[in-house]
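There are 2 protein chains.
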Amino acid sequence: MRKRAIVILSGGPDSSTVAYWAKREGYEVHGLTFDYGQRASRAEIDSAKRIAEGLGIPLKIVDLSALKEVYAGATALCDEGMPMPSAFEPSLIVPFRNAVMLSIAVAYAASIGAEAVFYGAQGSDAPFYPDCRREFFEAFERAARLGTGTSIRIEAPFHDMKKSEVIELGAELGVPYGLTWSCYSGGERHCGRCESCLNRKRAFEEAGIEDPVAYEA
Amino acid sequence: MRKRAIVILSGGPDSSTVAYWAKREGYEVHGLTFDYGQRASRAEIDSAKRIAEGLGIPLKIVDLSALKEVYAGATALCDEGMPMPSAFEPSLIVPFRNAVMLSIAVAYAASIGAEAVFYGAQGSDAPFYPDCRREFFEAFERAARLGTGTSIRIEAPFHDMKKSEVIELGAELGVPYGLTWSCYSGGERHCGRCESCLNRKRAFEEAGIEDPVAYEA
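So the sequence lines, in the order shown, correspond to chains A and B. The opening residue of the first sequence carries number 1 in the numbering used here; numbering runs sequentially from there. The opening residue of the second sequence carries number 1001 in the numbering used here; numbering runs sequentially from there.
Dropping the structure here:
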């Protein structure tokens, strides 16, 4: 029997590459994506669907849009009344979001008998986003093992790679980056101005790979 | 300024007593309740609302009913096709449910500046339900601190009390137990036969306090 894993798939370049990587590693991959009331939910979920379809894996879409209220006033990613910054600011943090997603992923893993949860947290985000840090997900793994009585693993396989290195790996794996979505703003096209668009542009440039998405700016 | 805390309030006797206790301890209490697709969601949320109203605290109700699908086939609490046991069986475990609730509670605490999350986990359930164990919630607290960069506390203040002792304390605090809901089955009245009804009956008997709810059996 093939080993089974959950991949938290937002439809962005990092998580899409994690999904391709996990399949190549021999896992039976189950994608999991969330509408947590983020501005870009429509575009992200649409991307996650297309990536899952292209990779030939099942995708479960979980409606957590009620979290919009939990996060009201706390983050620009969910509150359209807040300005969208072009560089890191605390208003870009969605507090404890990765834990919310990981906890549901662990619940799902326990339900379907998966041995691991993979997510796309990146070391380059770790100085700014505490729930992208290795010490966080290692502590969460411990809580997950104790809280389920299993030996489940929580891993961020690209944590120690640069974003440009993830893109290089993904290009080898055939990730269709034109289908991925990075922009926080939730328009029809990538805005090209938010922190996430700028990080994406920079990573493709550093990798020397052409970014196939169209930007407004 | 009064210290602020989140109480995860299911509308059952334990969590209702936690809410009354936290208010007496001087906290500005914010209740948080979840529809996670459980059979008894209507009754539980109705109870949580009445308890919050009686105590004069705000209550946020978070719709996680999409979890019904995540938990399909995994637990009798969410899957009406599965038999409802009268004594502990693994099908009563909702995998990692307390972590899902705690992670959203921590997110909410970070959003509104609360210093603690209280939940009603009980040591007497700990042998059966791994996410009621002290080692679990202590590990989760560590993950929460690392994942938010705060010194948030996660506490189960009645973890070391018997359920009957919780009832005794609640009676002193004036908890209106007639408004609380324990039954897993989600009928019009408490079934009196499921594990949760039987635990409740036993606790009131041991405390020598009359249980004000009506049972079918």
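Glycine residues also receive a C-beta, built at the ideal position from the N, C-alpha and C atoms. Quick caveat: nothing in here was measured; it's all calculated off a predicted structure.
- Inter-residue distance for G1011(B) and I209(A) is about 55 Å (C-alpha atoms, whole angstroms).
- Taking the C-beta atoms as reference points, V117(A) is found nearer than 8 Å to I152(A).
- Close partners of G1081(B) in chain A (Cβ separation under 8 Å) are lacking, with about 14 Å as the shortest Cβ gap.
- Under the three-state reduction of DSSP, E89(A) is assigned to coil, being neither helix nor strand.
- Relative to F136(A), the option among F1136(B), R1134(B), R1133(B), F1140(B) whose CA is nearest is F1140(B).
- Three or more beta-carbon pairs separated by less than 8 Å link the segment 113 to 131 of chain A to the segment 156 to 169 of chain A, which places the two stretches in contact.
- Under a 10 Å Cβ-count criterion, K3(A) is classified as exposed, with fewer than 16 other Cβ atoms of the shown protein chains found around its own Cβ.
- For E1138(B), there are no CB contacts under 7 Å within the same chain when 5 residues up- and downstream are skipped.
- For T1148(B), the CB contacts under 7 Å within the same chain, skipping 5 residues up- and downstream, are V1106, A1110 in chain order.
- Here the alpha carbons of N1098(B) and Y1036(B) stand approximately 11 Å from one another.
- If you check the CB distance, R39(A) and C78(A) come in under 8 Å.
- Contact annotation: the segment 1041 to 1055 of chain B touches the segment 1005 to 1022 of chain B, with at least three C-beta pairs closer than 8 Å.
- Burial state of A1076(B) is buried, judged by a 10 Å Cβ sphere holding 16 or more other Cβ atoms.
- Around the beta-carbon of G81(A), fewer than 16 other beta-carbon atoms lie within 10 Å, marking it exposed.
- In the three-state reduction of the DSSP assignment, T1180(B) falls in the coil class, being assigned neither a helical nor a strand state.
- Taking C-alpha positions only, A1066(B) is separated from G31(A) by approximately 16 Å.
- In this structure the segment 1197 to 1216 of chain B touches the segment 1170 to 1179 of chain B; the number of beta carbon pairs closer than 8 Å is three or more.
- Taking 8 Å as the cut-off, the beta carbon of S1164(B) is found no closer than this to the beta carbon of C1183(B).
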